[in-house]
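J.:
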Amino acid sequence: MTTDTSRQDAKRRALELLDDAGIVLTDAEQEGLEIVDFGFDDLSEVGTQIHTYVNTDRYCAKELVQLPGQTCPEHRHPPFDGTPGKQETFRCRAGEVSLFVESESDGEGEEGERETEPPTRTPPNREEHYTAGREIVLEPGDQYTIPPDTNHWFQGGDEGAVISEFSSRSVDEKDVFTDPAVDRLSNIDY
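Note that the sequence shown covers residues 738 to 927 in our numbering.
Here you go:
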């Protein structure tokens with residue numbers, strides 16, 4: 738299990754990155770920052786820190802923080818309950834993030850795009866669960882829209898990254914992860 742010390746360190750570092758990016762969170766929002774380890778108990782390799790501003794049946798807005806080299810595992814947002822699935826736009830606010838999407842994806846925005854087959858920076862011993870190899874490098878001001886039901890994963894650059902996410906409704910329990918060991922809802926700390 739991820740220790741309280743590593744969770745507190747991840748929270749502190751994420752809040753510093755948000756502050757450096759000029760993103761102001763209230764004390765309550767800072768306290769409620771979601772620390773997600775996806776069940777791997779190693780936030781230095783796999784995890785995401787999330788602040789959700791709003792998530793209704795129509796739209797969602799979040800700040801995602803990736804620590805340096807930290808990876809959010811490959812997943813997709815499939816159709817459910819008559820919806821086409823979640824469509825999301827990532828806008829890099831600070832640092833650099835490598836977003837990997839399926840090669841056949843038709844997302845908008847081509848800045849920083851390069852093909853990497855196979856991806857080279859996957860978490861150790863999990864390589865077979867990272868299949869999306871089209872890399873889109875986002876720097877501050879760059880954005881990319883991921884269509885629904887498209888495999889994707891992302892990783893913070895050398896300085897980490899702050900990413901604003903704008904999307905249709907987010908329903909985490911509907912996400913489908915390529916790696917069956919991922920537990921999106923385990924060990925979440927606020």
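Where a beta carbon is used, it is the ideal one built from N, C-alpha and C, also for glycine. The structure presented is a predicted model; accordingly, all values stated were derived computationally and were not measured.
If you draw a straight line from the C-alpha of residue 860 to the C-alpha of residue 804, how long is it?
T.: Computed Cα separation, rounded: 14 Å.
J.: Measure the beta-carbon distance from residue 751 to residue 802 and round it to whole angstroms, keeping in mind my assumption that it falls under 8 Å.
T.: Residue 751 to residue 802, Cβ: 4 Å. Contact.
J.: Identify whether residue 788 lies in helix, strand or coil by the three-state DSSP scheme.
T.: Here residue 788 sits in strand by DSSP.
J.: Pop quiz: residue 900 and residue 797 are said to be a contact at Cβ under 8 Å. What is the actual Cβ separation, rounded to whole angstroms?
T.: With a Cβ gap of about 13 Å, residue 900 and residue 797 do not count as contacting.
J.: Quick one: which unbroken alpha helix (DSSP H) runs of 4-plus residues sit fully inside the region 860-885? Chain order, please.
T.: With a minimum length of 4 residues, no continuous alpha helix (DSSP H) run stays inside the region 860-885.
J.: Would you list the one or two residues that DSSP bridges to residue 918?
T.: In DSSP, residue 918 forms no bridge with anything.
J.: Helix, strand or coil, according to DSSP, for residue 799 in the structure here?
T.: Residue state, collapsed to three classes: strand.
J.: Would you mind giving the Cβ-Cβ distance between residue 747 and residue 833, rounded to the nearest angstrom? I have them listed as a contact below 8 Å.
T.: Not quite, the Cβ-Cβ distance comes to about 19 Å (not below 8 Å), so this is no contact.
J.: Helix, strand or coil for residue 839, going by three-state DSSP, please let me know.
T.: It is coil, neither helix nor strand.
J.: Cβ of residue 780 within 8 Å of Cβ of residue 807?
T.: In this structure, residue 807 lies closer than 8 Å to residue 780 by Cβ.
J.: Could you tell me which of 744, 922, 745 and 909 sits nearest to residue 822, measuring between CA atoms?
T.: Here the closest residue by C-alpha is 909.
J.: In angstroms with no decimal places, state the Cα-to-Cα distance between residue 787 and residue 867.
T.: If you take the alpha carbons of residue 787 and residue 867, they lie about 22 Å apart.
J.: What is the DSSP secondary structure of residue 912, counted as helix, strand or coil?
T.: Looking at residue 912 - three-state DSSP - the assignment turns out to be coil, as it is neither helix nor strand.
J.: Which value, in whole angstroms, describes the spacing of the CA atoms of residue 877 and residue 770?
T.: C-alpha separation (whole angstroms): 22 Å.
J.: Which of helix, strand or coil does DSSP assign to residue 777?
T.: It is coil, neither helix nor strand.
J.: DSSP has residue 833 in a bridge; who is on the other side?
T.: Per DSSP, none; premise fails for residue 833.
J.: Could you tell me the boundaries of the beta strand (DSSP E) in which residue 813 lies?
T.: Where residue 813 is concerned, the enclosing beta strand (DSSP E) stretches over 808-813.
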